[in-house]
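Data block below; observations after.
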Amino acid sequence: MKVAIGSDHAGVQLRQEIVQMMKELGIEVVDIGCECGTSVDYPDYAVPVAEKVAKGEVDRGILICGTGIGMSIAANKVKGVRCALVHDLFSAKATRQHNDSNVLAMGERVIGPGLALEIAKVWLTTEYEGGRHGRRVDKITQYENQSV
Ligand code: RB5
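In this note's numbering, the protein residues as written are 14 to 161.
The structure is reproduced here in structure tokens:
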């Protein structure tokens with residue numbers, strides 16, 4: 014599996030810990046930054062990661078900012094991206110099984126690193142169930158393809 018990851022200044026620490034964890038799991042990591050001590054703008058990192066997922070350059074994406082909210086809003090503007098903002102283990106599993114989410118967003122200022130790493134691990138290793146969920150995900154894709 015190949016995963017792109019990005020954060021703003023509020024998510025640097027957690028991003029580095031997730032990168033380390035993914036490498037230990039044998040996942041190929043594309044880390045797009047930020048390498049920032051100063052304040053940066055989350056869309057500058059959300060969009061490149063989301064585009065890599067949408068173009069099929071990577072299998073999945075992970076985005077970290079202070080809340081995860083700005084990253085998830087920005088990533089979901091990219092066609093083909095289903096970004097889930099997740100801060101609990103139940104949702105991490107369910108969004109893979111039911112929504113086939115291809116980008117995960119979390120907020121470093123919301124949860125601690127222990128839970129965040131577990132969420133990332135569960136999200137990375139849970140398969141999409143398809144079936145009735147496929148019909149629902151397809152409806153999102155159909156809307157996306159017809160909207161201006
Ligand atoms: C940065 O201060 C903060 O606004 C950002 O990390 C994120 O939480 C936005 O949604």
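Don't be surprised by glycine CBs; every beta carbon is placed ideally from N, CA and C.
At a Cβ-Cβ threshold of 8 angstroms, residue 129 and residue 71 do not count as neighbours. The alpha-carbon of residue 147 is positioned some 23 angstroms away from that of residue 86. For residue 80, the distance from the CB to the nearest heavy atom of the ligand RB5 is below 7 angstroms. The count of Cβ pairs closer than 8 angstroms, one atom from the region 94–112 and one from the region 51–68, reaches three, so the stretches are in contact.
C-alpha of residue 69 to C-alpha of residue 51: approximately 31 angstroms in a straight line. Take the alpha-carbon of residue 58 and the one of residue 44: they are about 10 angstroms apart.
Placement of the Cβ of residue 58 at a distance of 7 angstroms or more from every heavy atom of the ligand RB5 is found.
When the five nearest sequence neighbours on each side are left out, the beta carbons in the same chain lying within less than 8 angstroms of the beta carbon of residue 14 are those of 40, 41, 72, 73, 137, in order along the chain.
With fewer than 16 other Cβ atoms from the protein chains shown falling within 10 Å of its own Cβ, residue 49 counts as exposed.
Residue 75 counts as buried, since at least 16 other C-beta atoms from the protein chains shown sit within 10 angstroms of its C-beta. In the DSSP annotation of this structure, residue 72 is not part of any alpha helix (DSSP H), being labelled neither H nor E.
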